[in-house]
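**Student:** One structure, as structure tokens, below. Some questions next.
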Amino acid sequence: MSRWSPVPTPPVPDQLQVNVAVAAMGTVVAAAAVQGVRTGGRSQFFQDSLWAFGMRGFGHLALSALTRGYTTGVLTAPTVVIPFWWWATRTLETAGATQRPRHGRAVALLLGALVGAHTLGQLASRSRLGWAGARG
Numbered sequence: 073m074s075r076w077s078p079v080p081t082p083p084v085p086d087q088l089q090v091n092v093a094v095a096a097m098g099t100v101v102a103a104a105a106v107q108g109v110r111t112g113g114r115s116q117f118f119q120d121s122l123w124a125f126g127m128r129g130f131g132h133l134a135l136s137a138l139t140r141g142y143t144t145g146v147l148t149a150p151t152v153v154i155p156f157w158w159w160a161t162r163t164l165e166t167a168g169a170t171q172r173p174r175h176g177r178a179v180a181l182l183l184g185a186l187v188g189a190h191t192l193g194q195l196a197s198r199s200r201l202g203w204a205g206a207r208g
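Under the working numbering, think of the first position of the sequence shown as 73, with each following residue one higher.
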């Protein structure tokens with residue numbers, strides 16, 4: 073990480089923490105996908121989640137630019153996340169499912185899911201390592 077960067081270097085999480093956090097986020101994405109299929113893309117939860125999914129891709133790119141280095145997700149954001157978000161949004165609009173995400177609600181959903189996923193990951197890691205070992 074560059075010396076000029078105002079972003080502190082976070083501790084490297086262990087693999088269990090990463091696995092649990094990714095699984096938790098995957099659960100939220102899966103729930104949104106089920107709602108999307110069930111409602112033909114018209115579910116507000118699905119639309120908010122789809123918008124948050126796309127914005128998350130831009131967030132990964134911004135964080136990598138800010139830190140001037142590799143950050144998790146920076147490789148999949150421009151190759152998978154953003155193209156899928158763009159394609160899904162256009163496809164749904166073409167099919168008549170007008171996209172009207174509630175941006176404030178989508179941001180709250182994304183932040184809540186992130187905090188929840190990272191908290192679950194931390195708890196799993198701490199329970200395996202013991203509370204004293206996880207404090208570093």
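Beta carbons: idealized from backbone N, C-alpha and C, even for Gly.
On a predicted model such as this, the values are computed, not experimentally measured, just so you know.
1) What is the C-beta distance between Leu-195 and Arg-128, in whole angstroms, given that I count them as a contact (C-beta under 8 Å)?
2) Is it true that the CB of Gly-113 sits closer than 7 Å to the CB of Ala-169?
3) Which of the three DSSP states is assigned to Leu-147 in this structure?
4) My parser needs the beta strand (DSSP E) runs of 3 or more residues fully inside the stretch 140 to 199; what are they?
5) Would Gln-89 pass as a contact of Ser-199 if the rule is Cβ separation under 7 Å?
6) In terms of residue numbering, what span does the alpha helix (DSSP H) encompassing Arg-110 cover?
7) Just verifying my parser: in three-state terms, what is the DSSP assignment at Ser-136?
8) Count the other CB atoms, across all protein chains shown, that sit within 10 Å of the CB of Leu-147; report buried if there are 16 or more and exposed otherwise.
9) Go through its chain and collect everything with a Cβ distance to Trp-158's Cβ below 8 Å, but skip five positions before and after it.
10) Can you tell me the Cβ-Cβ gap for Ala-95 and His-190, rounded? I've got them flagged as a contact below 8 Å.
11) State the Cα-Cα distance for the pair Arg-174 and Gln-116, rounded to the nearest angstrom.
12) Where does Ser-121 fall in DSSP's three states?
**Tutor:** Let me spell this out:
1) Wrong, their Cβ atoms sit about 22 Å apart, outside the cutoff.
2) Contact flag set, yes.
3) In the three-state DSSP reduction, Leu-147 falls in the coil class, being neither helix nor strand.
4) The stretch 140 to 199 contains no whole beta strand (DSSP E) run of 3 or more residues.
5) The Cβ atoms of Gln-89 and Ser-199 lie no closer than 7 Å to each other.
6) Where Arg-110 is concerned, the enclosing alpha helix (DSSP H) stretches over 87 to 111.
7) Ser-136 falls in the helix class under three-state DSSP.
8) Exposed: under 16 other Cβ atoms inside 10 Å.
9) Cβ contact annotation for Trp-158 (same chain, cutoff 8 Å, sequence separation greater than five): Gly-126, in chain order.
10) Incorrect: roughly 12 Å between the Cβ atoms, too far for contact.
11) Distance between the alpha carbons of Arg-174 and Gln-116 is about 8 Å.
12) The three-state secondary structure of Ser-121, taken from DSSP, is helix.
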